[in-house]
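Here's the structure, in structure tokens; my notes come after.
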Amino acid sequence: MTTIKDIAKIAGVSPATVSRALGGYGYVKDSTRRRIQEVADQLGYHPNALARSMVTRSTQTIGLIISDIANPFFPEVVRGIEDTAHQKGFTVILCNSDEDSEKERTYIDVLMAKRVDGLIIASTAANAQHLLQLKERNLPLVLLDRSFGEGNVDTVKVDNTLGAFQAVNHLIELGHRRIGIITGPDRIPTARERLAGYEHALKQHSIHLEPRFIVKGDFKEEDAYMGVKYLMDLERPPTALFTANNRTTTGALTAIWELGLHIPDELSVIAFDDLPWMQLLQPQLSVIQQPTYELGVTAAELLFKRLMSDTPQKSQLLQLNSKLVLRNSCGPPREQTP
């Protein structure tokens, strides 16, 4: 492995001069800097990032922990974060917790050991004490997509409650009164918030909340598939269905097709999250569309704002708006009675 001493010997300068030239600090004549860089390039020199970080007190890296790499929601979010980090001269270390809080804690320990300059986390935990401990250690931290109500951690998310309300309100305005929902577990904040939006829409229209129409799965395909089978086997099944994330939508549609139900004639469907294939369906799926790339950019920009600030700042909750996109998967119920 090429060292600074090797470069210094060939360039005819001291190791300290090489260190200043390649590290970008201290004075070095332009002609000497160019000669040193040419020698370093010829020898294939790669700087020791750990040694450099000890001098600069920065590794130029940020850690990103997402909760489910199989969820199609995350790629555009990650792209927004990575693009922003790249513009700032930082690299991103990506970890997947797979909705496992212990795995999340392990990755936090790994990233801390690698001395990342900050963290962005789409956390799995219902109890965020380990995140608050990071905050107490003055590590810049931004929560992504999910908040925990403590109020001491920067958070970037969408208004899940409003988005769910808009979806269910649309179904109600079409005449639906028996509306099923496939949502996630109570420990996940987005599941709780979207369920709250569903309940608020029913209450707003004085529609009785039917617990049997609420299916709480694990935000994954299999639970949604079984949930639809359960709902449509009820004596009086729902006339409309709200799926609370894209993986539940996939499982729900699989069950609907197996049952031979026609959308929207026999069952109206509206989904939280939009993916390109949802416009390729017949009929095209109505959705609550999230600004996924913008979420990633906003989270990264907030983190870098903290990294560049020398003074403590009050934590922020930045809540972006989702959008109701109406296509062809919702219509009036065939059966008008409650």
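The sequence shown begins at 276 in my numbering and counts up one residue at a time.
Ideal Cβ placement from N, Cα and C applies to all residues, glycine included.
Proximity below 8 angstroms, CB of residue i to CB of residue j
i, j, result
"residue 543", "residue 515", "yes"
"residue 429", "residue 417", "yes"
"residue 439", "residue 472", "yes"
"residue 503", "residue 531", "yes"
"residue 522", "residue 415", "no"
"residue 408", "residue 563", "no"
"residue 570", "residue 393", "no"
"residue 357", "residue 367", "yes"
"residue 315", "residue 297", "yes"
"residue 421", "residue 398", "yes"
"residue 597", "residue 565", "yes"
"residue 447", "residue 480", "yes"
"residue 343", "residue 374", "yes"
"residue 507", "residue 528", "no"
"residue 347", "residue 555", "no"
"residue 419", "residue 454", "no"
"residue 432", "residue 594", "yes"
"residue 505", "residue 355", "no"
Same chain only: Cβ atoms within 6 angstroms of residue i, ignoring 5 sequence neighbours per side
i, result
"residue 539", "604, 605, 606"
"residue 444", "476"
"residue 290", "279, 280, 283"
"residue 363", "579"
"residue 608", "450, 451, 514"
"residue 489", "456"
heavy atom of the ligand MG below 7 angstroms from residue i C-beta
i, result
"residue 570", "Annotation note on the ligand MG: not contained in the displayed structure, which lists no ligands."
Sequence-distant residues of its chain with Cβ nearer than 8 angstroms to residue i (five each side left out)
i, result
"residue 466", "458, 459, 460, 491, 494, 519"
"residue 370", "338, 339, 340, 341, 382, 385, 386"
"residue 511", "453"
Bridge-paired residues (DSSP) for residue i
i, result
"residue 491", "458"
"residue 367", "337"
"residue 573", "None; residue 573 has no bridge partner."
"residue 440", "DSSP output for residue 440 lists no bridge partner at all."
"residue 562", "546, 600"
"residue 432", "594"
"residue 394", "338, 416"
Residue i classed as buried or exposed, judged by whether at least 16 other C-beta atoms fall within 10 angstroms
i, result
"residue 584", "exposed"
"residue 486", "exposed"
"residue 526", "buried"
"residue 338", "buried"
"residue 276", "exposed"
"residue 548", "buried"
"residue 451", "buried"
"residue 304", "exposed"
"residue 412", "exposed"
"residue 300", "exposed"
"residue 311", "buried"
"residue 588", "exposed"
"residue 302", "exposed"
"residue 309", "exposed"
Close beta carbons around residue i, own chain, < 7 angstroms, minus the five adjacent residues each side
i, result
"residue 576", "359"
"residue 365", "335, 336, 337"
"residue 464", "421, 422, 423"
"residue 484", "474, 477"
C-beta neighbour in chain C for residue i, strict 8 angstroms
i, result
"residue 492", "Here chain C cannot be found, since the structure has a single protein chain."
| said: I'd like the ranges of any beta strand (DSSP E) spanning at least 3 consecutive residues and lying wholly in the segment 494-529. | reply: 515-518
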